[in-house]
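To start, the structure under review is shown below, and the notes come after it.
Numbering (the working numbering), first residue to last: 2 to 82.
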């Protein structure tokens, strides 16, 4: 998929976003998250507790440049034993 970056939401992030996926255009992960939280204010609290995968790779630096056509997975903390 080109023409943007697809973001996929799971569990509590999906509930807060009101959808399971969206497409954004931005240069960095932080910019994409800011756009997503502006569109869905309830998402801001959830995103602060999430892990992120970009094209199936765990990302810790929100300032990483995201290539057009990439997929970001937003993964809230999972409970369990």
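Note that beta-carbon positions come from the ideal geometry of N, C-alpha and C, so glycine has one too. Note that this is a predicted model, so its numbers are computed, not measured.
Asked                                                                                     : Found
Reference residue 3; option with closest CA among 14, 24, 9                               : 24
Assigned secondary structure, residue 7 (DSSP; H/G/I helix, E/B strand, else coil)        : strand
Top-ranked residue by Cα proximity to residue 9, from 64, 61, 62, 48                      : 48
First through last residue of the alpha helix (DSSP H) which encompasses residue 52       : From DSSP, residue 52 is part of no alpha helix (DSSP H) but of the beta strand (DSSP E) over 51–55.
Beta-bridge pairing of residue 77 - partner residues as DSSP gives them                   : 51
Nearest-angstrom beta carbon gap, residue 30 and residue 11 [assumed within contact, 8 Å] : Not really, about 16 Å apart at Cβ, beyond 8 Å.
Buried or exposed (CB count within 10 angstroms, at least 16 for buried), residue 21      : exposed
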